[in-house]
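In what follows, a single structure is set out as structure tokens and then discussed.
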Amino acid sequence: RQLTKPKPPAPYPPGPKPLPIIGNVADLTTRELWLVAERWAKEYGRITYLHVFGQGLVFLNTPEAVFELLDKRGAIYSDKPRLVMAGELCGCENMVAFTPYGDRSRRQRKLMQIALGPSSIKTYQPLLELETKPFLRRLVADPSKYQDHIRQYAGGLTLLVVYGHQAKSIDDPFLRLAEECVSLLSNRIASGGGIWPVDVFPSLKRLPEWFPGAGFKRNAAIWKKKMEEFVDKPYEFVLDEMDKGIARSSFVSVLLDNVAQGKDKEVDPQLDFDVRWTANSMYGASIDTTIATISHFILAMVQHPEVLKRAQAEVDAVVGPNRLPVCEDRESLPYCDAIFSETLRWGVPLPLTLPHRLMEDDIYDDMFIPKGSIVRYIDLAISRDEKLYPDPYSFNPDRYFHPAVDEATARRRDPRMYIFGFGRRRCPGANLVESSAWLLMVSVIATLDIGKAIDDQGREIEPEVVFDNAIFRSPNPFKCSIRPRSEHALKVLAQEDV
Ligand code: HEM
């Protein structure tokens, strides 16, 4: 394909050698692709370029390249690829993360700003504080299921805020549906770079399902059904509750308020579409990212008891023993804040981030990037950048207190500058994570001791860290010990809030 194109105005960025026609298909592993991408970053520098059947894939590897292209040149780097398999065939095309840059994405992001902007998050703070104690109690009662508890907390919180539904247990049908569908999306539909042959040769979608080689269509038909349930079921639950006049106030019910009040007979189709998909996008995006973040925090505490001890001393001095921390305590807890920053950097919940599509040919540092390329930045490579983070593989909250080399470096080493994406596609959930994940962590620090699990012979068990998910860098549940710090801490957890 490329042979028939005119000579590019500059060389393509470097990358692993492609095979004729099929390109780099074999290089795109489905497991921990981010490690391969990080290796390429070390080998090729600022940008890695690959292609799959001629479809360009660009990996941005350095903070400089990412800030210049996704931020400064955001006007041409904020579109999304039209993925036939994930979008059209599997029914995900209207999720916000797949929505092309334009009117629709702007409308959807405006709605999310209503739900997740800084002023809305302030109104959720009492809810976050209220939900934290039950989470800690569940953790004490059954520490080995810590990931289930995080799932119930994170999914339950968004279900309540977005749909007004209270998940009473981890077996809540909407939580289970989200677990199944997000796993399907990350481990099947979008694994290995998310490019299927049908994305490069769209005419393949016309193959009949029974045709040899059309197995992808049979799978897509099954997956699409599931995805439709994921989008429609919680939304229709709210419509039903509104019909009966018993709906809790939520993102969906407030936006459809005119219908609830009988001012409009039916939901305006465009509003219905936008609210339905935006609600689903927030719900789907909130769970595994939070699980990855909090799991990394627990892992870091298991591996660094000295960090936990120092954080506990800070919390004890500021909060005292008789209550849990609240959001207002944050400014007085700088070491805990540094632990939170370091957890985001060290954990890298979305190491390959999400794909963008370049809308026009571009040249960066004398390298040609063709229009239509799928561009992602490698969060893992940036968060392991030696210039920004000396000794980048170690968990070290103190690094944020060291005087920076210069002002620009000081700003850039805050992982929030890149861990949530950039400009027009920056993660709309960042404010919620800032409050909810922070509160969860300091509440754990205040009340629980975390350490290595002990085997029958009294020996410490090293946590086994395995990453199975193709999109989220979320460690599989590992063995650890989580127990109350003291009898008094147990009493504080048992107190009913008035
Ligand atoms: C630690 C937790 C989280 C991390 C690290 C994270 C990170 C990211 C990143 C890197 C992107 C891609 C940005 C880009 O394309 O440049 C993204 C997009 C997105 N995130 Fe998050 N996220 C987190 C939690 C959340 C939460 C809690 C929500 C919702 C309640 C959320 C909703 C979304 C949505 C809807 C998008 C798509 C935005 C768009 O394409 O316009 N995320 N997130």
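Numbering-wise (my numbering), the sequence shown opens with residue 236 and increments by one.
Cβ coordinates follow ideal geometry from the N, Cα and C atoms, glycine included.
Please tell me whether, using a cut-off of 7 Å, the distance from the CB of residue i to the nearest non-hydrogen atom of the ligand HEM is below it.
{"i": "Ser418", "result": "no"}
{"i": "Phe655", "result": "yes"}
{"i": "Thr525", "result": "yes"}
{"i": "His591", "result": "yes"}
{"i": "Cys327", "result": "no"}
{"i": "Leu667", "result": "yes"}
{"i": "Ala578", "result": "Sequence inspection shows Thr at residue 578; the Ala mentioned does not correspond to that position. No, since every heavy atom of the ligand HEM falls outside the 7 Å radius drawn around the Cβ of Thr578."}
{"i": "Ser421", "result": "no"}
{"i": "Pro335", "result": "no"}
{"i": "Leu351", "result": "yes"}
{"i": "Pro298", "result": "no"}
{"i": "Met347", "result": "yes"}
{"i": "Arg619", "result": "no"}
{"i": "Met676", "result": "no"}
{"i": "Ala672", "result": "yes"}
{"i": "Met462", "result": "no"}
{"i": "Pro586", "result": "no"}
{"i": "Val331", "result": "yes"}
{"i": "Ala520", "result": "yes"}
{"i": "Arg661", "result": "yes"}
{"i": "Thr393", "result": "yes"}
{"i": "Gly390", "result": "no"}
{"i": "Met594", "result": "no"}
{"i": "Gly664", "result": "yes"}
{"i": "Met517", "result": "yes"}
{"i": "Arg344", "result": "yes"}
Who does residue i pair with in a DSSP beta bridge?
{"i": "Val561", "result": "Bridge partners of Val561: none, in fact."}
{"i": "Val287", "result": "Gly258 and Gln290"}
{"i": "Val610", "result": "Val293 and His591"}
{"i": "Gly686", "result": "Ser716"}
{"i": "Tyr599", "result": "Met602"}
{"i": "Phe702", "result": "Pro710"}
{"i": "Ile282", "result": "Leu295"}
{"i": "Asp314", "result": "Arg592"}
{"i": "Glu695", "result": "Ile689"}
Express the C-alpha separation of residue j and residue i in angstroms, rounding to a whole number.
{"i": "Gly399", "j": "Ala482", "result": "7 Å"}
{"i": "Phe446", "j": "Phe436", "result": "16 Å"}
{"i": "Asp774", "j": "Glu577", "result": "Nothing can be reported for residue 774: it is not among the residues displayed for the chain, which extend from 236 to 733."}
{"i": "His723", "j": "Pro556", "result": "8 Å"}
{"i": "Leu363", "j": "Arg661", "result": "23 Å"}
{"i": "Leu593", "j": "Val510", "result": "27 Å"}
{"i": "Ala643", "j": "Thr682", "result": "37 Å"}
{"i": "Ser721", "j": "Leu728", "result": "11 Å"}
{"i": "Gly184", "j": "Ser709", "result": "As shown, the chain starts at 236 and ends at 733. That puts residue 184 outside it, with no answer to give."}
{"i": "Lys687", "j": "Ile696", "result": "6 Å"}
{"i": "Trp512", "j": "Leu490", "result": "13 Å"}
{"i": "Asp614", "j": "Asp478", "result": "45 Å"}
{"i": "Lys307", "j": "Arg659", "result": "11 Å"}
{"i": "Pro625", "j": "Ser484", "result": "47 Å"}
{"i": "Phe465", "j": "Asp507", "result": "16 Å"}
{"i": "Leu304", "j": "Gln290", "result": "19 Å"}
{"i": "Lys403", "j": "Val668", "result": "22 Å"}
{"i": "Pro246", "j": "Trp581", "result": "34 Å"}
{"i": "Trp431", "j": "Phe288", "result": "10 Å"}
Quick check on this structure: which residue in the options has the alpha carbon closest to the alpha carbon of residue i?
{"i": "Thr264", "options": "Phe333, Met347 and Ala425", "result": "Ala425"}
{"i": "Leu374", "options": "Lys452, Leu292 and Ile529", "result": "Ile529"}
{"i": "Gly309", "options": "Asp262, Asp597 and Asp383", "result": "Asp597"}
{"i": "Lys380", "options": "Arg718, Glu731 and Leu725", "result": "Arg718"}
{"i": "Ala389", "options": "Ala376, Pro378, Asp377 and Glu414", "result": "Glu414"}
{"i": "Thr297", "options": "Ser618, Pro432 and Ala455", "result": "Ser618"}
{"i": "Glu566", "options": "Lys726, Leu674, Leu318 and Cys715", "result": "Leu674"}
{"i": "Glu549", "options": "Cys571, Met536 and Leu534", "result": "Cys571"}
{"i": "Lys461", "options": "Gln538, Phe472, Pro251 and Cys325", "result": "Cys325"}
{"i": "Leu579", "options": "Thr524, Gln538 and Met602", "result": "Thr524"}
{"i": "Glu621", "options": "Leu585, Asp434, Arg648 and Cys416", "result": "Arg648"}
{"i": "Val417", "options": "Lys452, Leu365, Tyr518 and Arg339", "result": "Tyr518"}
{"i": "Pro540", "options": "Leu351, Phe630, Val260 and Pro255", "result": "Phe630"}
Quick check on the burial criterion: 16 or more other C-beta atoms within 10 angstroms. Buried or exposed for residue i?
{"i": "Gly480", "result": "exposed"}
{"i": "Ile574", "result": "buried"}
{"i": "His637", "result": "exposed"}
{"i": "Glu731", "result": "exposed"}
{"i": "Gly429", "result": "buried"}
{"i": "Ser217", "result": "In the structure as shown, the chain begins at 236 and stops at 733. Residue 217 is therefore absent and cannot be evaluated."}
{"i": "Val396", "result": "buried"}
{"i": "Leu559", "result": "buried"}
{"i": "Arg281", "result": "buried"}
{"i": "Tyr628", "result": "exposed"}
{"i": "Ala376", "result": "exposed"}
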